[in-house]
Structure formats: structure tokens, C-alpha cells
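In terms of my numbering, the sequence shown is numbered consecutively and its last residue is 917.
Beta carbons: idealized from backbone N, C-alpha and C, even for Gly.
As the structure is a computational prediction, the values presented were derived from the model and not from experiment.
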Amino acid sequence: MAKPIKQCEHPGCRTLVAYDTRYCERHRKATNKWQYHKRMYDSDESRYQQFYKSSAWRKLSRRFLESNPVCVQCYYQDGVIRKADVVDHVIEIKDDWSRRLDESNLQPLCYRHHNRKTGLVREQRKKQTK
């Protein structure tokens, strides 16, 4: 049986798309571009997104990873030496903007531990705002 179809959700577009798809090929790219622009420049997160693209942050994080190449969580908790992929802020910049370039507020983490820590912090922030 064929999948049900519907119209593209872009205003005025009548192109038919699969029911589980929001936009046609023509408008999917435009929507992604708009969402990127909104996130980078119009949202509450724009300040933080622009910081992570700044040359000061890129230089600091590259230098920090060169001098601290091992994930601290893997090493101290699991006893495993694993390459650090990300420089993480111990106290997030949303909580303390003034410590964004402070090396004592940075820690090298692998993707696994960085994603876990970031997820826990986001959950805590959601609970606090409710």
C-alpha cells in the first residue's frame, strides 16, 4: 500500500510530499537556512552560538586540547586513556558568561562524556525553570 501524501507546508506551495515529510525538496533547504539564521542571530542562544565560532574560542580550545589530550572523565572514572574530542566548560557559559575564556573553567572530554554531561545540565535547567 502506498504512503499517504499531503501538500508541502511552505505557504502557497502545493507540491505533494509524503505524509511524514514536512517540506518538498525546493523548500527543505530554504527552511534549514532560515532555522540556522534564526538560531545564530535571533534566538536567546545567538550570543552563545556566535561565541563558539569566535577566533578567541577556537584558538583557546585548540591550544587547550593540545596540552590536555586525554578525556578526564574516562581517565579518573573508568581508568581508561581515551582521546579528548571536546573542550567543555565546567560551569556553562549560560550560567557564568564571565568565565567563558577562563582556562580553569575548562576540561577536556570525549564525545560520550560531553554529551552525557550536557544532557544532564539541560535536564537540570529545565527542572529549574518549571
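With respect to the beta strand (DSSP E) encompassing residue i, which residues constitute its N-terminal and C-terminal limits?
{"i": "Leu-852", "result": "Unbroken run through Leu-852 is the alpha helix (DSSP H), 842-854; no beta strand (DSSP E)."}
{"i": "His-876", "result": "873-876"}
{"i": "Val-804", "result": "803-805"}
Leaving out the 5 sequence neighbours to the left and right, which residues in its chain are closer than 8 angstroms to residue i when beta-carbon positions are compared?
{"i": "Ile-792", "result": "Leu-803, Val-804, Ala-805, Tyr-806"}
Among the options, which residue has its Cα nearest to the Cα of residue i?
{"i": "Arg-809", "options": "His-797, Ala-817, Glu-879", "result": "His-797"}
{"i": "Tyr-839", "options": "Val-874, Asn-855, Gln-864", "result": "Val-874"}
{"i": "Lys-881", "options": "His-824, Lys-790, Arg-909", "result": "Arg-909"}
{"i": "Val-857", "options": "Arg-849, Ser-848, Ile-868", "result": "Ile-868"}
{"i": "His-824", "options": "His-814, Gln-836, Arg-813", "result": "Gln-836"}
{"i": "His-901", "options": "Gly-866, Gly-799, Ala-817, Val-877", "result": "Val-877"}
{"i": "Pro-911", "options": "Leu-896, Ser-891, Ser-885, Glu-879", "result": "Reading the sequence as shown, one finds Gln at residue 911 and not Pro. Checked all of Leu-896, Ser-891, Ser-885, Glu-879; the closest Cα to Gln-911 is Glu-879."}
{"i": "Arg-813", "options": "Lys-904, Cys-795, Glu-853", "result": "Cys-795"}
{"i": "Gln-860", "options": "Cys-897, Arg-850, Leu-852", "result": "Cys-897"}
With a threshold of 7 angstroms (Cβ to nearest heavy atom), would residue i be considered close to the ligand COA?
{"i": "Val-908", "result": "Among the components of this structure there are no ligands whatsoever, and the ligand COA is therefore not found."}
Is residue i buried or exposed, if buried means 16 or more other CB atoms sit within 10 Å of its CB?
{"i": "Leu-907", "result": "exposed"}
{"i": "Arg-887", "result": "buried"}
{"i": "Gln-894", "result": "buried"}
{"i": "Gln-822", "result": "exposed"}
{"i": "Ala-871", "result": "buried"}
Provide the residue span of the alpha helix (DSSP H) that contains residue i, from first to last.
{"i": "Lys-816", "result": "812-824"}
{"i": "Lys-911", "result": "According to the sequence displayed, residue 911 carries Gln and not Lys. It spans 898-916 - the alpha helix (DSSP H) in which Gln-911 sits, taken as one unbroken run."}
{"i": "Gln-864", "result": "Here Gln-864 belongs to no alpha helix (DSSP H), and DSSP marks it neither H nor E."}
{"i": "Tyr-835", "result": "833-839"}
Enumerate in chain order the residues of its own chain whose CB-to-CB distance from residue i is below 6 angstroms, with the five nearest sequence positions on each side excluded.
{"i": "Lys-820", "result": "none"}
Spatial neighbours of residue i within its chain, please: CB distance less than 7 angstroms, with the 5 preceding and 5 following residues excluded, ordered by chain position.
{"i": "Thr-818", "result": "Tyr-810"}
{"i": "Leu-852", "result": "Ala-871, Val-874, Pro-895"}
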